[in-house]
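Novice: Mapping of the sequence shown onto numbering that gives the first Met the number 0: residues 0 to 173, in sequence order.
Note that the Cβ used here is the ideal one computed from N, Cα and C, for glycine as well.
Mind having a look at this structure? Questions to follow.
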Amino acid sequence: MSERIRVLLSEEEVDRRIQEIGEQISRDYEGKQVHLVCVLKGGSFFLCELAKRITVPVSLDFMSVSSYGSETKSSGVVRIVKDLDEPLKGKDVIVVEDIVDSGRTLSYLLEMLRDRGPKSLRLCTLLDKPERRVTDVRVDYTGFRIPDEFVVGYGLDYDQRYRNLPYIGVVEFD
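Here is the structure:
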């Protein structure tokens, strides 16, 4: 089976929306420092671009959580691959994710992070597929709501390929 990629959101659209989210976060956290927790690997592209557009002081940490493997749908089994390097206690934390799909992984992750005592905890995602949600997850900052299609690019992959595309594309299988 082969695949091709159809552009869903252009590089310019993605860039413009990340700028808007950065401005909103800067307003919301005026006078504070924000601690961004990136969910690897997919969230890294979004995190880098977002952090550059936030004007309040920013600190970063990274965590790797897996629930996909090489499939195109979440397995529902959440595994912490890499935990945070720094404590969250007393920090204003924003979890930065590439996509919210079923919500299973993020529901688990947010509950775990809440238990670590941050001053505040919010969620920022580049892409949201609300029609796929099976667990209630509150998204505070959303780049785009997208239809239920398998997307790649801008950090999102299909079996470790296509992460480096500068746009969001839909994988179409032949």
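How is E148 classed by DSSP in three states: helix, strand or coil?
Specialist: Position 149 of the sequence shown holds residue 148. In the structure shown, E148 sits in coil (DSSP, three-state: anything other than H, G, I, E or B).
Novice: Terminal residues of the continuous alpha helix (DSSP H) containing S43?
Specialist: Walking along the sequence shown from the start, residue 43 turns up at place 44. Where S43 is concerned, the enclosing alpha helix (DSSP H) stretches over 42-51.
Novice: List the DSSP bridge partners of D127.
Specialist: Working through the sequence shown from its first residue, we reach residue 127 at position 128. BP columns for D127 point to V99, R144.
Novice: Let's test the definition: count the other Cβ atoms within 10 Å of the Cβ of I145 and tell me whether it reaches 16, buried, or not, exposed.
Specialist: If you number the sequence shown from 1, residue 145 lands on position 146. When all chains shown are included, I145 counts as buried.
Novice: Label V150 either buried or exposed according to how many other C-beta atoms from any shown protein chain fall within 10 Å of its C-beta, with 16 as the threshold for buried.
Specialist: The count along the sequence shown starts at 1 and reaches residue 150 at position 151. With at least 16 other beta carbons inside 10 angstroms of its own, V150 counts as buried.
Novice: Assign T54 to buried or exposed, taking buried as 16 or more other Cβ atoms, counted over all protein chains shown, within 10 Å of its Cβ.
Specialist: As a working mapping, residue 54 is identified with position 55 in the sequence shown. Exposed: under 16 other Cβ atoms inside 10 Å.
Novice: Quickly, what does DSSP pair K81 with across the bridge? List them, please.
Specialist: By 1-based counting over the sequence shown, the position of residue 81 is 82. For K81, which the question treats as bridged, DSSP gives the partners S63.
Novice: Report yes if the C-beta distance between G152 and G168 is below 9 Å; otherwise report no.
Specialist: Reading the sequence shown from its first residue, position 153 is the one you call residue 152. Reading the sequence shown from its first residue, position 169 is the one you call residue 168. Yes.
Novice: Got a sec, what are the start and stop residues for the beta strand (DSSP E) V170 sits in?
Specialist: Looking up residue 170 in the sequence shown gives position 171. Residues 167-172.
Novice: Does the ligand ZN have a heavy atom nearer than 8 Å to the CB of I93?
Specialist: In terms of ligand content, the structure shown is empty, and the ligand ZN therefore cannot be addressed.
Novice: Would you kindly report the start and end of the unbroken beta strand (DSSP E) that includes V36?
Specialist: The residue you call residue 36 lines up with position 37 of the sequence shown. Where V36 is concerned, the enclosing beta strand (DSSP E) stretches over 33-39.
Novice: If you measure between the beta carbons of V95 and L46, is that distance less than 9 Å?
Specialist: On the sequence shown, residue 95 is found 96 positions in, with the first residue counted as 1. On the sequence shown, residue 46 is found 47 positions in, with the first residue counted as 1. Yes, these two residues count as a Cβ contact at 9 Å.
Novice: By DSSP, does R3 sit in helix, in strand, or in coil?
Specialist: Numbered from its first residue, the sequence shown carries residue 3 at position 4. Strand, per DSSP.
Novice: Excluding the 5 residues flanking Q23 on each side, which residues of the same chain have their C-beta closer than 7 Å to its C-beta?
Specialist: Residue mapping note: residue 23 aligns to position 24 of the sequence shown, counting from 1. Y140, listed in sequence order.
Novice: Could you compute how far the alpha carbon of L109 sits from the alpha carbon of K40?
Specialist: The count along the sequence shown starts at 1 and reaches residue 109 at position 110. The count along the sequence shown starts at 1 and reaches residue 40 at position 41. L109 and K40: Cα-Cα distance of roughly 17 Å.
Novice: Quick one: what's V138 bridged to in DSSP?
Specialist: Position 139 of the sequence shown, counted from the first residue, corresponds to residue 138. V138 is not bridged by DSSP to any residue.
Novice: Rounding to the nearest angstrom, what Cα-Cα distance links R15 and L7 in this structure?
Specialist: Here the question's residue 15 lines up with position 16 in the sequence shown. Here the question's residue 7 lines up with position 8 in the sequence shown. Computed Cα separation, rounded: 15 Å.
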